[in-house]
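Single-structure report; data block below.
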Amino acid sequence: MEAGIKIRGKRLFNKESGMSLTVALDHGAIAGPLKGLEDPRKVVRECFNSGVDAILTTKGVVKTVADEWPRDVALILRLTGGFTLFGGDFTEEVISEAETALRYGASYAALSIKFGHSEEGRLIKQVSLAIDQCHALGLPVMLEVMAKGRLDGREFPPNDPQAIKMAARMGCELGADVIKTYYTDNFNEVVDGCPVPILILGGKEGRGKRQLLQDVKESLDAGGRGVAIGRNIWGEGEASAMLAALKGILHDKLSVEEACAVAKRS
1 MEAGIKIRGK
11 RLFNKESGMS
21 LTVALDHGAI
31 AGPLKGLEDP
41 RKVVRECFNS
51 GVDAILTTKG
61 VVKTVADEWP
71 RDVALILRLT
81 GGFTLFGGDF
91 TEEVISEAET
101 ALRYGASYAA
111 LSIKFGHSEE
121 GRLIKQVSLA
131 IDQCHALGLP
141 VMLEVMAKGR
151 LDGREFPPND
161 PQAIKMAARM
171 GCELGADVIK
181 TYYTDNFNEV
191 VDGCPVPILI
201 LGGKEGRGKR
211 QLLQDVKESL
221 DAGGRGVAIG
231 RNIWGEGEAS
241 AMLAALKGIL
251 HDKLSVEEAC
261 AVAKRS
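Each residue of the sequence shown is one higher than the last, beginning at 1 in the numbering used here.
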């Protein structure tokens, strides 16, 4: 089903810039109604009105806004999960099938894997088989990759450059069509070592708008293809302003200073 993968795959990226402004709205399945995401329908509508390229979300959210979904916004449906803040243990499983993503109208399936986890081997096999199933149906896969543990005898942070470089390549080797991961120093090395497009995630809030926009700009300069960000867009209830700033950098080639000015005006 190579044709289906190619046709759907293009929907993630802006036709003019070749970059992707993807908004992540899948947090409620793990953490409930987070600040800024109390009403996911409101946030989704803001995304529609702001002209995002794609939304990454869950079955439940899609059902509430399906009648309003624009033709030009790609749906990325989350197929992994299986843990919540109640349990406190990050053990992500494949919890939905590839056919489900197609039934919901998705252009991509979203999977996640955390390398270095105690269940690493089993989860690698699970994700690899899920990618095979998606591809058999002509459905491309966005794989979010993370890493934990020790490397070269040391503990490393989530955005460690060497760990991210390794994790991105490992995700590509599993068959992912797009990688979602942390921005890090020496990001050009992450891009050079990963033959498929990379989108950066936002991570925890608190860096400030300017620093986030700076990271996005630097990731593009290093060869990244866009963002898949959630809380740093809608977490403070100012989704429209942040989306306008991100669009400016991703699609209009604005500087960080110009994008900050756009955010203030929006």
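Every residue gets a Cβ at the ideal spot worked out from N, C-alpha and C, and that includes glycine.
Along the chain, where does the beta strand (DSSP E) that runs through residue i open and close?
i, result
"R78", "74-78"
"M142", "141-147"
"S20", "20-24"
"A228", "226-229"
With H, G and I counted as helix, E and B as strand and the rest as coil, what does DSSP make of residue i?
i, result
"F118", "With the sequence shown as reference, residue 118 is identified as Ser, and Phe is not the correct amino acid for it. DSSP places S118 in coil when its eight states are reduced to three."
"L129", "helix"
"G202", "coil"
"S219", "helix"
"R154", "strand"
"K42", "helix"
"S112", "strand"
"G36", "coil"
"A261", "helix"
"L174", "coil"
"A106", "coil"
"L286", "This structure gives no information on residue 286, because the portion of the chain shown stretches from 1 to 266."
"I95", "coil"
"G9", "helix"
"G289", "Outside the displayed range of the chain (1 to 266) lies residue 289, so it cannot be described from this structure."
"L137", "coil"
"L212", "helix"
"K243", "For the sequence presented, residue 243 should be read as Leu rather than Lys. In this structure, L243 counts as helix in the three-state DSSP scheme."
"L85", "coil"
Tell me whether residue i is buried or exposed, calling it buried when 16 or more other Cβ atoms sit within 10 Å of its Cβ.
i, result
"F187", "buried"
"E68", "exposed"
"E92", "buried"
"T84", "exposed"
"R184", "According to the sequence shown, residue 184 is Thr rather than Arg. Flag for T184 reads buried."
"A3", "exposed"
"P40", "buried"
"D192", "exposed"
"N232", "buried"
"D72", "exposed"
"D132", "exposed"
"D177", "buried"
"L129", "exposed"
"G235", "buried"
"D26", "buried"
"T58", "buried"
"A101", "buried"
"T80", "buried"
I'd like the span of the alpha helix (DSSP H) that includes residue i, first residue to last.
i, result
"V61", "59-65"
"I179", "Element bounds for I179: not the alpha helix (DSSP H) but the beta strand (DSSP E), 178-181."
"V190", "187-192"
"G28", "28-31"
Would you check whether the ligand FAD has a heavy atom nearer than 7 angstroms to the C-beta of residue i?
i, result
"V43", "Because no ligand of any kind appears in the structure shown, any question about the ligand FAD cannot be addressed here."
Using 8 angstroms as the Cβ pair cut-off and three pairs as the minimum, do the segment 96-105 and the segment 23-37 touch?
no
Tell me whether the segment 54-61 and the segment 9-25 touch, counting them as touching only if at least three CB pairs, one residue from each stretch, are closer than 8 angstroms.
yes
Below 8 angstroms, can you find three or more Cβ-Cβ pairs linking the segment 133-153 to the segment 108-123?
yes
Per the contact definition of three or more C-beta pairs closer than 8 angstroms, is the segment 134-146 in contact with the segment 101-113?
yes
Within 8 angstroms, do at least three Cβ pairs link the segment 216-226 to the segment 241-254?
Judged by Cβ distances under 8 angstroms, the segment 241-254 makes contact with the segment 216-226, as three or more pairs qualify.
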